[in-house]
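Enquirer: Protein chains in written order, with this note's numbering: chain A, 1 to 400; chain B, 1001 to 1496.
All C-beta atoms in this analysis are idealised placements derived from N, C-alpha and C, irrespective of residue type, glycine included.
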Amino acid sequence: MAKGIRDKVAILGMGCSKFGERWDAGPDDLMVEAYVEAMADAGIEPSQLDAAWFSTHVDELGTGKGGTPLSIALRLPNIAVTRVENFCASGSEAFRGAVYAVAAGAADIAIAVGVEKLKDTGYGGLPVGAPGTLAPQIIPNGSAPGNFAQLASAYRAKHGVSREDLKRAIAHVSVKSHANGAKNKKAHLQKAVTAEQVLNAPLIAEPLGLFDCCGVSDGAAAAIVTTPEIARSLGKRDLVTVKALQLSVSNGFESQYNGWDGSYFHTARIAAGKAYKEAGIERPREQISMMEVHDCFSITELVTMEDLFISPEGQGWRDVLDGFYDADGGLPCQIDGGLKCFGHPIGASGLRMLYEMYLQLQGRAGERQLKDPVFGMTHNLGGAPSSNVCSVAIIGQEGA
Amino acid sequence: MVGIAAWGAYAPRLRLSRKAVTEANAWVAPNLRAKAKGERSMANWDEDALTMAVEAARDALGVTDEGRAGVDALYFASTTAPFVDRQNAGIVAAALTLEKAIASADVTGSQRCGLAALGQALAAVKGGSAARALVVAGEHRRARAASSQELDNGDGAAAFVVSAEAGAAEFLGRGSVTDDFVDHFRGADAGFDYSWEERWIRDEGIVKLVPPAVRAALQNAGLSPAEVTHFCFPSVFGGMAASLAKSLGIAPEAVRDNLALTLGEAGCAHGPLMLAHALEQAAPGDVVLVAQFGQGAEALVFRVTEAAAQAHPARGVTGSLLDRRAEENYLKFLTFNGLVEWDKGMRAEKDNKTALTTLYRNQDQILGLVGGRCRETGVVQFPRTRISVAPNNPAVDTQEPYRFAERRASVLSYSADYLTFSMSPPNHYGMIVFEGGGRIMMDITDVEPGEVDSGLPVKMVFRVKDVDEKRGFVRYFWKAAPDRAAIAAQAAQAAE
């Protein structure tokens, strides 16, 4: 049995660019923006970096393939750069690579950088296209909202929730994230909205309206990791350490076998169960202080509350409406605005989630600051409900 | 005795109101107001001559494997086939998962090619070169906006299984006339027909060229015109069939409804459609004569058997007439038929180039909707893979081909997507689960917003998946459509 990653690696520094429609910036500019902040936070020189992990998803549109885009943009000292891609969970993959390298002793200090430049397509939403030569001949001509929206019909059918109740619940998911995003100067969308606005917005993919969908944004985020010992030797105190890093990947069970009912994320449940075990967390609803989940769409966030074993199955929508996940609720969620309002530059999102948890754990989240958080959880999903990769990470106060 | 063992038919569900068309065009073609009666069948954007022919063939063959076993010859007739040089019959065969070792041909070039294909199949079986021949005719003609053809035409398909044991109808005789009488033509690269004067077509063409074919067929059959009980003759000219019948000595009551008010004229598939309709309504012993005009004429005579009643298809023409949805939107018709340059948005710029290697390697999966069944666990899945999807038994190389196309299914989850490009937004798609196991995320067609929800019974239909306009290639795949018979049965059960 693997011993797990708990407390073996500390975060030395993090950075995150302003997310949004960055007409002013190319991918290089965004990477530099996150990198400069992270390096200043870590207080190290480039020569102290041993290895880098680089995540980006839509390489054709953004940086191109390979490790060179990062190395050249940051003028890294000819160290190893591994480019990773795992759909929208790519940022978490970069972090995992860097953390594992440090835990293995292969690197003293490693950096993970994620970036995405999405606003060069000429239209809203994600770039279109299906992978390979077989899928386009078979899979529906769909979109991300259309794939995730399907959770709603299956959830309603399974739990007997009315269209109206579910629509109200997912509307509150977005209202809450907009309220949080309004307090975040780096967020793509910084304006509060009302439930009425959300409910009356044009449909994108039934039952999801405009406000049920996250921002499609440009941005970059970075994390520098090392061992707790090295961090202390560099003068760092009150360390934030990695408690758990889990990834579960669909194998066709959902899309080809007969057991999945379409209302939840099979992988999220597996990744969450393993993450709690790795972090030594037994009562997540009480022990997790805050979380950033992959709220690409409001319905995704709602079912995720159950998949992470925070809300009982079939009751997540009630917790949402009760305000349990609001900033002043029992378990604040998307305190930085989430994908919904901070934005979703694909390759950067997993690192952006960790950035907020890290700031909160260090007491540096400004007007968003929560009281004495101990464990912060991130949930970073890639793909579609029927076929996906799901990362669950937990970071927290050293020794907690 | 050689004859028709089974038949099937298909008309698209949409029925375009002729009044909607004539009112929209009244400013430019006020004379067309006279044609404002009834409706015409209108192919959905994802239907063409070939997909409709496949649906008619499925209706004729039935849902069981026995229906298609032994088919050793296939004729596909159309003047609007999607490919000029790629055998269209081959696509039909793949969609129907017919054996590879069959004879096949595309029959085209004239409005009578549907009946010509049926005549060839009858001759082949009679001559012993085929034992069980499948004949399918499908037509999806384009016509210019504000033309009378636009109002007269309809879209549809019919199919017949011809075998040495007649089954439903004995073949009695055939008559053919070939004469290069150019009433209309469509050149190889032309999008539309070019027609000559109607009075000339009627008086010098139909009146003079059809009777010799009919007389020859009756003479072959050893029958007199008076013995004909069903006279099927498509023509867009009012009273044409009745006037022919009169001159031929066929009883006026034998003249059949040409479906002009309900479907419109489906080109080369229309004679076959009228024949199918006659078989559905005829009594044992009735004599059915079907003829069609087109650079000459083709005529075939059949006698309906006692067994015909047992051969009625699940849908047929009768069912097709009932399964309809009124369409009042003429602009939608123009758009579906490529007659409007509309703003499809940047998402439609996606390159639809098809890897032909991939298509061939996965032919039964893509065109036949064939998945796999593990011979150890019985678990069925789509697609067929070397390692079984069964979570606790990932057996290797245990999968046998398993056909999904005729299985009953329902919607597990769905969305109506307004963001993605669709020729008929919103694009409906979802996870479809099959009775007996297996599931496929697929497009849902022939639905309106609000019609789909989890649990909706669906059936599989063969449709156009994408069109590669840059290269002139059409991709086909299967989609889910509401199983309206199952839905009605569910509703009836709920009412009890």
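Using the C-alpha atoms, what's the distance from A171(A) back to L1322(B)?
Expert: Position 322 of the second sequence, counted from the first residue, corresponds to residue 1322(B). Position 171 of the first sequence, counted from the first residue, corresponds to residue 171(A). L1322(B) and A171(A) have their C-alpha atoms roughly 42 Å apart.
Enquirer: Along chain A, in chain order, which residues have C-beta atoms closer than 9 Å to that of Q1381(B)?
Expert: Against the second sequence, residue 1381(B) aligns to sequence position 381. In chain order: G252, Q256, Y257 and N258.
Enquirer: Flag Y123(A) as yes if its beta-carbon sits less than 9 Å from any beta-carbon of chain B, otherwise no.
Expert: Position 123 of the first sequence holds residue 123(A). It does: the Cβ of Y123(A) has a partner Cβ on chain B nearer than 9 Å.
Enquirer: By alpha-carbon positions, which one of V1002(B), W1196(B), Y1075(B) and C1268(B) ends up nearest to S1148(B)?
Expert: Looking up residue 1148(B) in the second sequence gives position 148. Closest option to S1148(B), Cα to Cα, is W1196(B).
Enquirer: Does the beta carbon of L1419(B) come closer than 9 Å to any beta carbon on chain A?
Expert: Position 419 of the second sequence holds residue 1419(B). It does; some Cβ of chain A falls within 9 Å.
Enquirer: Under 9 Å, Cβ to Cβ, is there at least one residue of chain D near V128(A)?
Expert: Absent from the structure is chain D; the protein chains it does hold are A and B.
Enquirer: Step through the CB atoms of chain A and report whether any lies within less than 9 Å of the CB of F1477(B).
Expert: Mapped onto the second sequence, residue 1477(B) falls at position 477. Taking Cβ atoms only, chain A reaches closer than 9 Å to F1477(B), which makes this a yes.
Enquirer: Quick check on H1140(B): does DSSP put it in helix, strand or coil?
Expert: Locating residue 1140(B) in the second sequence gives position 140, where the first residue counts as 1. Of the three classes helix, strand and coil, the one that applies to H1140(B) here is coil, per DSSP.
Enquirer: Using the beta-carbon count (16 or more within 10 Å), is S1163(B) buried or exposed?
Expert: Your numbering for residue 1163(B) matches position 163 in the second sequence. Counting Cβ neighbours within 10 Å, S1163(B) comes out buried, since at least 16 surround it.
Enquirer: Hey, out of G64(A), F54(A), D120(A) and D28(A), whose CA is closest to M1346(B)'s CA?
Expert: To locate residue 1346(B), count along the second sequence from 1; it is residue 346. Closest by alpha carbon: D120(A).
Enquirer: Name the chain B residues that come within less than 9 Å of R269(A), Cβ to Cβ?
Expert: The residue given as residue 269(A) occupies position 269 in the first sequence. Per Cβ cutoff of 9 Å: no residues; R269(A) is ~14 Å from chain B at best.
Enquirer: K1465(B) versus chain A: which residues are under 7 Å apart at the beta carbon?
Expert: One-based indexing of the second sequence puts residue 1465(B) at position 465. Going along chain A in sequence order, the residues near K1465(B) (Cβ under 7 Å) are Q137.
Enquirer: Cα separation between P1457(B) and S1410(B)?
Expert: Translated into positions along the second sequence, residue 1457(B) becomes position 457. Translated into positions along the second sequence, residue 1410(B) becomes position 410. About 4 Å.
Enquirer: So R1303(B) is in the beta strand (DSSP E); what residue range does that whole segment cover?
Expert: Translated into positions along the second sequence, residue 1303(B) becomes position 303. That run of the beta strand (DSSP E) goes G1296 to V1304.
Enquirer: Anyone know if the C-beta pair for M1042(B) and E1139(B) falls short of 9 Å?
Expert: Within the second sequence, the letter at position 42 stands for residue 1042(B). Within the second sequence, the letter at position 139 stands for residue 1139(B). Against a cut-off of 9 Å, the Cβ pair of E1139(B) and M1042(B) comes out as no contact.
Enquirer: Within 8 Å, do at least three Cβ pairs link the region 87–98 of chain A to the region 342–355 of chain A?
Expert: yes
Enquirer: With a threshold of 7 Å on Cβ separation, who are the neighbours of A1094(B) within its own chain once the five nearest residues in sequence on each side are excluded?
Expert: Start at 1 with the first residue of the second sequence, and residue 1094(B) comes out as number 94. Q1363, L1367 and G1368.
Enquirer: Against G1430(B), what residues of chain A qualify as contacts under a CB-to-CB distance less than 7 Å, listed in chain order?
Expert: The sequence position of residue 1430(B) within the second sequence is 430, counting from 1. Within chain A, the residues near G1430(B) are Q150.
Enquirer: Here's a check: name, in chain order, each residue in its chain whose Cβ is nearer than 6 Å to the Cβ of L74(A), leaving out the five neighbours to either side.
Expert: Numbered from 1 along the first sequence, position 74 holds the residue referred to as residue 74(A). For L74(A), where only same-chain residues beyond five positions count, the Cβ hits under 6 Å are Y35.
Enquirer: Smallest Cα separation from S385(A): which of G376(A), T304(A) and C333(A)?
Expert: Within the first sequence, numbered from 1, the residue matching residue 385(A) stands at position 385. Here residue 385(A) is Pro; the residue named in the question, Ser, does not match the sequence. For the residues G376(A), T304(A) and C333(A), the minimum Cα distance to P385(A) belongs to T304(A).
Enquirer: My understanding is that I299(A) touches L151(A), with C-beta atoms under 8 Å, so please give their C-beta distance in whole angstroms.
Expert: Translated into positions along the first sequence, residue 299(A) becomes position 299. Translated into positions along the first sequence, residue 151(A) becomes position 151. Contact flag correct, Cβ pair sits at about 5 Å.
Enquirer: Is the region 1480–1493 of chain B touching the region 1066–1075 of chain B in the sense that three or more CB pairs, one from each, lie closer than 8 Å?
Expert: no
Enquirer: Could you have a look at E301(A) and say whether DSSP puts it in helix, strand or coil?
Expert: In the first sequence, the residue the question calls residue 301(A) occupies position 301. Residue state, collapsed to three classes: helix.
Enquirer: In this structure, how does DSSP classify C296(A) when only helix, strand and coil are distinguished?
Expert: Position 296 of the first sequence, counting from 1, holds the residue named residue 296(A). In the structure shown, C296(A) sits in coil (DSSP, three-state: anything other than H, G, I, E or B).
Enquirer: Out of curiosity, what's the CA-to-CA distance linking D41(A) and Y325(A)?
Expert: Taking the first sequence and counting its residues from 1, one reaches residue 41(A) at position 41. Taking the first sequence and counting its residues from 1, one reaches residue 325(A) at position 325. Spanning the two alpha carbons is a distance of roughly 30 Å.
Enquirer: If you follow the alpha helix (DSSP H) that S255(A) is part of, which residue opens it and which one closes it?
Expert: What you label residue 255(A) is simply residue 255 of the first sequence in a count that begins at 1. Its alpha helix (DSSP H) spans residues F253 to Q256.
Enquirer: Name the DSSP beta bridge partners of T241(A), please?
Expert: Here residue 241(A) corresponds to residue number 241 of the first sequence, with the count starting at 1. In DSSP, T241(A) forms a bridge with A10(A) and G396(A).
Enquirer: How would you list, in chain order, the residues of chain A whose beta-carbon sits under 7 Å from the beta-carbon of N1520(B)?
Expert: Summary: the structure shown does not reach residue 1520(B), with chain B confined to residues 1001 through 1496, and so no result is reported for it.
Enquirer: When you compare only the Cα positions, how much space is there between V1107(B) and A1116(B)?
Expert: What you label residue 1107(B) is simply residue 107 of the second sequence in a count that begins at 1. What you label residue 1116(B) is simply residue 116 of the second sequence in a count that begins at 1. Rounded to whole angstroms, V1107(B) to A1116(B) spans 8 Å at the Cα level.
Enquirer: Count the other C-beta atoms from every protein chain shown that fall within 10 angstroms of the C-beta of Q1310(B), then say buried if there are 16 or more, exposed otherwise.
Expert: Taking the first residue of the second sequence as position 1, residue 1310(B) is located at position 310. Burial call: exposed.
Enquirer: Could you spell out where the alpha helix (DSSP H) holding L166(A) opens and where it closes?
Expert: Along the first sequence, one-based indexing puts residue 166(A) at 166. Taken as a continuous stretch (DSSP letters only), the alpha helix (DSSP H) holding L166(A) covers R163 to G181.
Enquirer: So, do the region 1269–1286 of chain B and the region 1225–1234 of chain B have three or more beta carbon pairs nearer to each other than 8 Å?
Expert: Contact between the region 1269–1286 of chain B and the region 1225–1234 of chain B is present: three or more C-beta pairs spanning the two stretches fall below 8 Å.
Enquirer: By how many angstroms is the C-alpha of A103(A) removed from the C-alpha of R96(A)?
Expert: Translated into positions along the first sequence, residue 96(A) becomes position 96. Translated into positions along the first sequence, residue 103(A) becomes position 103. So the two alpha carbons sit approximately 10 Å from each other.
Enquirer: Using a Cβ-Cβ cut-off of less than 7 Å, list which residues of the region 1355–1373 of chain B approach chain A; keep chain order.
Expert: A1355, T1358, L1359, N1362 and I1366
Enquirer: Reducing DSSP to helix, strand and coil, say where F54(A) ends up.
Expert: Numbered from 1 along the first sequence, position 54 holds the residue referred to as residue 54(A). DSSP places F54(A) in strand when its eight states are reduced to three.
Enquirer: Shorter than 9 Å from the beta carbon of P140(A) to some beta carbon of chain B?
Expert: Within the first sequence, numbered from 1, the residue matching residue 140(A) stands at position 140. Taking Cβ atoms only, chain B reaches closer than 9 Å to P140(A), which makes this a yes.
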